[in-house]
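S.K.: I'd like to ask you about the structure that follows.
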Amino acid sequence: MKNTASSPVLVRDALLRARSVVYDVHGPLVLRTVAERIALAASNAVVDTLAAGDRCGVLRISIGTPVNHPGAWMYFQIDAAGSGTLSASHPHWLYALSTLATGDWLTCGIQEFEKGIRIEPAFPWLRNLSDFFVGSLRSARAFNKEEFVRQLVGQGFSHVTINGLGADRPFESGPPGDVYSWFYDYSPDLDQFIEGPLTRDYYPADYLQTNLNNLKRNALLARTYGLTPGLHINSPRSMPDEFWHRYGFLRGARVDHPRESFRPRYTLALAHPVVQAHYRELVKSIMAEVPELGFIHLWTNDSGAGFEFVSSLYAGRNGGPYLIREWKDDEEIARKAAANVVSYYRLITEEAKNINPGFHLICDLGPFNAERKFIAPELGNGIDAGEFAYFEQKETDREQKALARIGAMTHVKFEVSDNNVVGVPFPWLVYERLTDTLKLGTQAVLLGANPASLAPYDVNNEVVRHVQLRLKNSIEEIVEAVAERLVGTMYSRALINIWKLSDSAVRSFPAGVPMSSFGFPWFRLWVRPFVPDIDAIPETERAYYERFLLATFNNPARIDLNNDMLWNFLAVDEAAEKKSVFDNHVIPFVTTAIENCREQLSTISAGSREHRVFKDLLNRLGVYRCFCTTMRNTMAWTEGVHGYIDAETEVKRERYRGLTRSMVESEIENANALLTIWDEGGTEVIPISRSGETLHIYGENFGELLQKKIALMEQHKNDEPRIDPDYMWRMPSSF
271 MKNTASSPVL VRDALLRARS VVYDVHGPLV LRTVAERIAL AASNAVVDTL
321 AAGDRCGVLR ISIGTPVNHP GAWMYFQIDA AGSGTLSASH PHWLYALSTL
371 ATGDWLTCGI QEFEKGIRIE PAFPWLRNLS DFFVGSLRSA RAFNKEEFVR
421 QLVGQGFSHV TINGLGADRP FESGPPGDVY SWFYDYSPDL DQFIEGPLTR
471 DYYPADYLQT NLNNLKRNAL LARTYGLTPG LHINSPRSMP DEFWHRYGFL
521 RGARVDHPRE SFRPRYTLAL AHPVVQAHYR ELVKSIMAEV PELGFIHLWT
571 NDSGAGFEFV SSLYAGRNGG PYLIREWKDD EEIARKAAAN VVSYYRLITE
621 EAKNINPGFH LICDLGPFNA ERKFIAPELG NGIDAGEFAY FEQKETDREQ
671 KALARIGAMT HVKFEVSDNN VVGVPFPWLV YERLTDTLKL GTQAVLLGAN
721 PASLAPYDVN NEVVRHVQLR LKNSIEEIVE AVAERLVGTM YSRALINIWK
771 LSDSAVRSFP AGVPMSSFGF PWFRLWVRPF VPDIDAIPET ERAYYERFLL
821 ATFNNPARID LNNDMLWNFL AVDEAAEKKS VFDNHVIPFV TTAIENCREQ
871 LSTISAGSRE HRVFKDLLNR LGVYRCFCTT MRNTMAWTEG VHGYIDAETE
921 VKRERYRGLT RSMVESEIEN ANALLTIWDE GGTEVIPISR SGETLHIYGE
971 NFGELLQKKI ALMEQHKNDE PRIDPDYMWR MPSSF
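For reference, each letter of the sequence shown is one residue, going 271 to 1005 in my numbering.
What follows is the structure, encoded as structure tokens:
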């Protein structure tokens, strides 16, 4: 007997029956982007910008209709004839919805969607700030901007930071030996894109135009895919040195860090009406160029920016003559400084809201330890509180409740990626951070993301996508789905087990290890030699890495891995304890993961997708083990060298000398292992610049630098441990 039961109609089948995909040509650009994407999946359909009535096979792409629902949402409805709707509350959700309709849901039966399905994203405001897209890694080879933006919106990000410099280097410079100018390479202020009344002719026209063109290209990318673009600025930032020859009377706060600067940097005096008019014009001009800007995140009191008389300025409380006179007590100074800060926040917000009423200013309260009690109550009405720097003081429960009462969101930041070793998997930890934040009722989150062009099989990104778009209920469901998609059911369990080991290694990494996060490239730890007496290496032989070292000629950081001028990081016993955590937990987890990866590769045909996935993971884990071993050896260096110097008996000195020698041998072996992975190539794990080495990123000569490191360690591994206690008092060689 013939089986007459019909097969269920899938979303894929319904899309193929669609005849036209229609959208409002006068609406946001993302409508066209999504219409073209849907038409590609519905291969028999054409894109139509005209009203199509109620004909069968019409898919409508829209913003805000037909769902009458507050908040953030995505809506998809389709019937067996291919008629239906893709709609979202805001443009930034529409492309993500289209990826679900043409991807995750393709093999689902249409009965789930005939009456329509509505999804509410986990975080209404999911914002990205990427060093690759706009920061100091923007020159990284293999990075693809448009692919990255597509990736972000597909993960469910709603907002993206777009203000990276278009120029390879910042305009800021300094006298010989000054390293502070490199802090101007990221989070550029408004005057790096456009001229204001006070800055005409102080920045080269081609420099400003290059930066503005890049900003507008990034904004167009964001618009194309529906993301809300915004800025992350260090502000108010210092002015060019020549500026003060003419406008010395407008000088505000000294904002540079004396430890890294040989030339003072000053901001404008914000209390002066001419300065306020200057900043108003800057905001008006930037909004005129990119009217869709939805936010500015303002970070301050660091990297060449700061407010007058606030307590956290590196040079101490200071400022111009217009805010408060001398000899006032701390409370009155804090109150006046806070009022000055708030007036700047309001100035920016007022001007931006004139163009975009939905604009938000996000201000970090962390830099204002003494002033925040006066600043926080003045927020709201589009001014929110944010988190950016790891050293910032968190908002208390009382302060968070007060912010909520006045309508100020708190933007929470946490990490789901690592720019030092791109693509290391820790999906369970990512899931915990996301869901723990979600349980707190957090509305706004700032996250990074591993670029798919550098890490094509990244599971952390997938965890963010699944949680944000509410695709799976548990982390186990997520990793199983991702693993099966990457390597199939035969190898998925092995891949998951390796991810678990990697996750265990990452969560075991000891807290408080100096130079292990954003400071890692600044101190050139990949390529500088770890020897008992760094000062025994002639300066000419150290120059290959000291050119881009964040340390002036007299900073003991040049010869002491546990010091940055007056800052001694760890005691000997603290360093020993952290080294033990690396030895007993972190590195064994990574090593087992590497062994499992190698074992799995031996069973898979070379050239297959499964082989590529495991090989990519093997290289990432290999580099991550090198990173962990290098950080372990900074702890071993502190334990051995400082222990030797502090030892009071010959027996103890010999013990610490032995520990130091073992540390050098370990780092030699480690550097050779890293060099082997580098020479093999094929995986972009360490960000490498297309345009040359800087303080923030290594160049394509990375392998040569590793070879120099190894040679110097072999040459000096038996030197006696030593640190010059008077290094800080040295004078330049030309003195």
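The beta carbon of each residue, even a glycine, is placed where N, CA and C say it ideally should be.
#1: Starting from the C-beta of Ile829, find all residues in its chain whose C-beta is less than 7 Å away, skip the five residues before and the five after it, and write them out in chain order.
#2: Of all the options Gly928, Thr822, Asn398, which has the alpha carbon lying nearest to the alpha carbon of Pro446?
#3: Could you check if Asp836 is buried or exposed, using at least 16 other CB atoms within 10 Å of its CB as the buried criterion?
#4: Using the beta-carbon count (16 or more within 10 Å), is Tyr660 buried or exposed?
#5: Report yes if the CB atom of Ala827 is closer than 8 Å to the CB atom of Phe859, and no otherwise.
#6: Go ahead and pull the three-state DSSP assignment for Phe661.
#7: Report buried or exposed for Ala288, applying the criterion of at least 16 other Cβ atoms within 10 angstroms of its Cβ.
#8: Look at the alpha carbon of Ile947 and the alpha carbon of His681, and state the distance between them as a whole number of angstroms.
#9: Roughly how many angstroms separate the alpha carbons of Asp455 and Lys554, rounded to a whole number?
#10: Hey, is the segment 730-746 in contact with the segment 682-700, meaning 3+ C-beta pairs nearer than 8 Å?
#11: State yes or no: is the C-beta of Ser687 within less than 8 Å of the C-beta of Asn720?
#12: Does the separation of the CB atoms of Ile333 and Ser357 fall below 8 Å?
#13: Under a three-way DSSP split, which group does Phe684 fall into?
#14: Which parts of the segment 559-642 are runs of the alpha helix (DSSP H), unbroken and 4 residues or longer, counting only runs that do not cross its ends?
#15: Asp886 lies in the alpha helix (DSSP H); which residues open and close that run?
#16: Can you name, in chain order, every residue of its own chain whose Cβ lies under 7 Å from the Cβ of Thr274, other than the five neighbours on each side?
#17: Tell me the start and end of each unbroken beta strand (DSSP E) in the segment 713-786 that is at least 3 residues and wholly inside, in chain order.
#18: Going by the beta-carbon positions, is the gap between Ala366 and Arg740 smaller than 8 Å?
#19: If we ignore side chains and look at the alpha-carbon of each, how far apart do Thr964 and Glu974 end up?
#20: Return the CA-CA distance between Phe696 and Arg587, expressed in angstroms with no decimal places.
#21: For Ser744, count neighbouring C-beta atoms within 10 Å of its own C-beta (all shown protein chains included) and say buried if the count is 16 or more, exposed if not.
#22: Per DSSP, what kind of secondary structure is Gly496 in: helix, strand or coil?
#23: Just to confirm the assignment, what range does the beta strand (DSSP E) spanning Gly522 have?
#24: Which of helix, strand or coil does DSSP assign to Thr810?
#25: Whose C-beta lies closer than 7 Å to the C-beta of Val304 among residues of the same chain, with five residues either side of it excluded?
#26: Spatial neighbours of Ala714 within its chain, please: C-beta separation below 6 Å, excluding the five flanking residues on both sides.
#27: Kindly indicate the opening and closing residues of the alpha helix (DSSP H) around Tyr926.
#28: Quick one: is Asn988 buried, meaning 16 or more other Cβ sit within 10 Å of its Cβ, or exposed?
#29: So Ile525 and Leu583 are supposed to be a Cβ contact under 8 Å. How far apart are they, rounded?
#30: Could you tell me whether the Cβ atoms of Glu578 and Ala539 are closer together than 8 Å?
#31: Once the 5 residues before and after Ala725 are set aside, which same chain residues still bring their CB inside 7 Å of it?
#32: Alpha carbon to alpha carbon, how far is Gly589 from Arg521?
#33: Just to check my reading of the structure: Val851 and Cys898 have Cβ atoms closer than 8 Å, yes? What is that Cβ distance to the nearest angstrom?
#34: If we ignore side chains and look at the alpha-carbon of each, how far apart do Asn398 and Val423 end up?
#35: Do you know offhand how far Leu871's Cα is from Asp853's?
#36: Return the chain-ordered ranges of every alpha helix (DSSP H) run that is complete within the segment 275-320 and spans a minimum of 4 residues.
M.R.: Taking the structure as given:
#1: For the purposes of this step, residue 829 is taken as the residue at position 559 of the sequence shown. Close CB contacts of Ile829 within its chain, under the 7 Å cut and outside five residues either way in sequence, are with Ile804, Asp805, Ile993, Asp994, Tyr997 (chain order).
#2: Translated into positions along the sequence shown, residue 446 becomes position 176. When only C-alpha atoms are compared, the closest one is Thr822.
#3: As a working note, residue 836 is residue 566 in the sequence shown. First, the amino acid is wrong: residue 836 is Leu here, not Asp. Leu836 sits exposed, since fewer than 16 C-beta atoms from the chains shown fall within 10 Å of its C-beta.
#4: Mapped onto the sequence shown, residue 660 falls at position 390. The predicted model places Tyr660 with a pLDDT of 46, which falls under 50 and marks its position as unreliable; any figure quoted below should be read in that light. Exposed, by the Cβ-count rule.
#5: On the sequence shown, residue 827 is found 557 positions in, with the first residue counted as 1. On the sequence shown, residue 859 is found 589 positions in, with the first residue counted as 1. Taking 8 Å as the Cβ cut-off, Ala827 and Phe859 do not qualify as a contacting pair.
#6: Counted from its first residue, the sequence shown places residue 661 at position 391. With a pLDDT of 49 at Phe661, under the threshold of 50, the modelled position of this residue cannot be trusted, and the question is left open.
#7: By 1-based counting over the sequence shown, the position of residue 288 is 18. Label assigned to Ala288: buried.
#8: Counted from its first residue, the sequence shown places residue 947 at position 677. Counted from its first residue, the sequence shown places residue 681 at position 411. Annotation: Ile947 to His681 spans about 39 Å, alpha carbon to alpha carbon.
#9: By 1-based counting over the sequence shown, the position of residue 455 is 185. By 1-based counting over the sequence shown, the position of residue 554 is 284. Taking the straight line joining both Cα atoms gives about 24 Å.
#10: Taking a cut-off of 8 Å for Cβ pairs, the segment 730-746 and the segment 682-700 touch, as three or more such pairs fall below it.
#11: Reading the sequence shown from its first residue, position 417 is the one you call residue 687. Reading the sequence shown from its first residue, position 450 is the one you call residue 720. Closer than 8 Å, so yes.
#12: Numbered from its first residue, the sequence shown carries residue 333 at position 63. Numbered from its first residue, the sequence shown carries residue 357 at position 87. Contact: yes.
#13: For the purposes of this step, residue 684 is identified with residue 414 of the sequence shown, where counting begins at 1. Note: Phe684 maps to coil in three-state DSSP.
#14: Entirely contained in the segment 559-642, the alpha helix (DSSP H) runs reaching 4 residues are, in chain order, 600-625.
#15: Numbered from 1 along the sequence shown, position 616 holds the residue referred to as residue 886. Element bounds for Asp886: 879-907.
#16: Sequence index remark: in the sequence shown, residue 274 carries index 4 (1-based). Confidence at Thr274 is low in this model, with a pLDDT of 42, below 50, so its placement is unreliable and the value that follows should be read with caution. Within the same chain, and ignoring the five residues on either side of Thr274 in sequence, no residue has its Cβ closer than 7 Å to its Cβ.
#17: The qualifying runs are 714-717.
#18: Numbered from 1 along the sequence shown, position 96 holds the residue referred to as residue 366. Numbered from 1 along the sequence shown, position 470 holds the residue referred to as residue 740. Not a contact, by the Cβ cut-off of 8 Å.
#19: Numbered from 1 along the sequence shown, position 694 holds the residue referred to as residue 964. Numbered from 1 along the sequence shown, position 704 holds the residue referred to as residue 974. About 16 Å.
#20: As a first step, residue 696 is located in the sequence shown; it is residue number 426 there, counting from the start. As a first step, residue 587 is located in the sequence shown; it is residue number 317 there, counting from the start. In this structure, the straight-line span from the alpha carbon of Phe696 to that of Arg587 is close to 42 Å.
#21: For the purposes of this step, residue 744 is identified with residue 474 of the sequence shown, where counting begins at 1. Exposed: under 16 other Cβ atoms inside 10 Å.
#22: Within the sequence shown, numbered from 1, the residue matching residue 496 stands at position 226. Collapsing the DSSP output to three states places Gly496 in coil.
#23: Looking up residue 522 in the sequence shown gives position 252. Gly522 -> beta strand (DSSP E) spans 521-524.
#24: Translated into positions along the sequence shown, residue 810 becomes position 540. The DSSP-derived three-state label of Thr810 is helix.
#25: Position 34 of the sequence shown, counting from 1, holds the residue named residue 304. Excluding sequence neighbours, Val304 sits near Ile331, Leu356, Leu364, Tyr365, Ser368.
#26: Along the sequence shown, one-based indexing puts residue 714 at 444. Excluding sequence neighbours, Ala714 sits near Trp395, Met679, His681.
#27: Counting from one through the sequence shown, the residue named residue 926 turns up at place 656. For Tyr926, the enclosing alpha helix (DSSP H) stretches over residues 920-950.
#28: Here the question's residue 988 lines up with position 718 in the sequence shown. Classified as exposed, Asn988 has fewer than 16 neighbouring CB atoms from the shown chains inside 10 Å of its CB.
#29: Walking along the sequence shown from the start, residue 525 turns up at place 255. Walking along the sequence shown from the start, residue 583 turns up at place 313. Per the sequence shown, residue 525 should be read as Val rather than Ile. Right, the Cβ-Cβ distance comes to about 6 Å (below 8 Å), so this counts as a contact.
#30: Working through the sequence shown from its first residue, we reach residue 578 at position 308. Working through the sequence shown from its first residue, we reach residue 539 at position 269. Closer than 8 Å, so yes.
#31: As a first step, residue 725 must be located in the sequence shown, where it is residue number 455. Same-chain partners within the cutoff: Val692, Gly693.
#32: As a working mapping, residue 589 is identified with position 319 in the sequence shown. As a working mapping, residue 521 is identified with position 251 in the sequence shown. Answer to the nearest angstrom: the Cα atoms are 8 Å apart.
#33: By 1-based counting over the sequence shown, the position of residue 851 is 581. By 1-based counting over the sequence shown, the position of residue 898 is 628. Not a contact, Cβ separation roughly 10 Å.
#34: Your numbering for residue 398 matches position 128 in the sequence shown. Your numbering for residue 423 matches position 153 in the sequence shown. Roughly 10 Å separates the two Cα atoms.
#35: Counting from 1 along the sequence shown, the entry for residue 871 is found at position 601. Counting from 1 along the sequence shown, the entry for residue 853 is found at position 583. Straight-line Cα distance between these residues: approximately 26 Å.
#36: The qualifying runs are 281-287, 299-311.
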